[in-house]
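UniProt numbering applies: residue 1 is where the sequence shown begins, and numbers increase by one.
The C-beta atom is built at its ideal place from N, Cα and C for all residues, glycine as well.
Owing to the predicted nature of the structure, the values given are computational and were not obtained by experimental measurement.
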Amino acid sequence: MRWLDADEERAWRALRRMMIAIQSRTAHDLAAAGLSEPDYEVLSTLSERPGHASTLGEQAAKMGWSRSRLSRHATRMEARGLVRREPDPDDGRGCYLVLTEHGLRTLEDAAPAHLESVRRHVIDRLSSADLSALERIARKLEEPT
Numbered sequence: 001m002r003w004l005d006a007d008e009e010r011a012w013r014a015l016r017r018m019m020i021a022i023q024s025r026t027a028h029d030l031a032a033a034g035l036s037e038p039d040y041e042v043l044s045t046l047s048e049r050p051g052h053a054s055t056l057g058e059q060a061a062k063m064g065w066s067r068s069r070l071s072r073h074a075t076r077m078e079a080r081g082l083v084r085r086e087p088d089p090d091d092g093r094g095c096y097l098v099l100t101e102h103g104l105r106t107l108e109d110a111a112p113a114h115l116e117s118v119r120r121h122v123i124d125r126l127s128s129a130d131l132s133a134l135e136r137i138a139r140k141l142e143e144p145t
């Protein structure tokens, strides 16, 4: 077993505290709009797709989720009228996840406050050099080992 040295331990703990703090703050702000972070992620990524639709598998891959996680979450979002499922004509077992008009309006209503939250808690607190370093580090750490 390789224990963390003092510098590694400080960096690891700082990363964990940062991730928890930012997620907590932005989630709290987003909840005021009636959405969870996963709701917002589904709505925003669907809004970027042609026709505001994606197969369940493509959408799960884009979000870094398992198909089963997305399917369960989509069921809850369907009940709220934010998304709907449509059969995939090319795959009898598959379906498309489609952003509804209500889902699009909900996203459009929530987006300004969410963007302000992201700016307040992250973007506006960092220099452009910090943002570049953060992006570089984040891309490196999101790659599988």
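Endpoints, the beta strand (DSSP E) within which residue i is located
i, result
"Asp-91", "91-99"
"Thr-55", "53-55"
Cβ neighbour criterion (16 or more within 10 Å) applied to residue i
i, result
"Ala-60", "buried"
"Ser-127", "exposed"
"Asp-91", "exposed"
Start and end residues, alpha helix (DSSP H) containing residue i
i, result
"Pro-38", "37-47"
"Glu-143", "Taken as a continuous stretch (DSSP letters only), Glu-143 belongs to no alpha helix (DSSP H), as it is neither H nor E."
"Leu-30", "6-31"
Under the three-state DSSP convention, the category residue i falls into
i, result
"Asp-88", "strand"
"Val-118", "helix"
Of the listed residues the options, nearest to residue i (C-alpha basis)
i, options, result
"Gly-51", "Leu-107, Thr-145, Leu-97", "Leu-97"
"Thr-55", "Gly-64, Glu-86, Ala-113, Asp-124", "Glu-86"
Sufficient close CB pairs (3 or more, under 8 Å) joining the stretch 69-79 to the stretch 13-31: no
The stretch 93-105 contacting the stretch 125-143, beta-carbon criterion three pairs below 8 Å: Fewer than three Cβ pairs drawn from the stretch 93-105 and the stretch 125-143 lie within less than 8 Å of each other, which leaves the two stretches out of contact.
The stretch 34-46 contacting the stretch 82-101, beta-carbon criterion three pairs below 8 Å: Two segments are said to touch when three or more pairs of C-beta atoms, one from each, lie closer than 8 Å; by this definition the stretch 34-46 touches the stretch 82-101.
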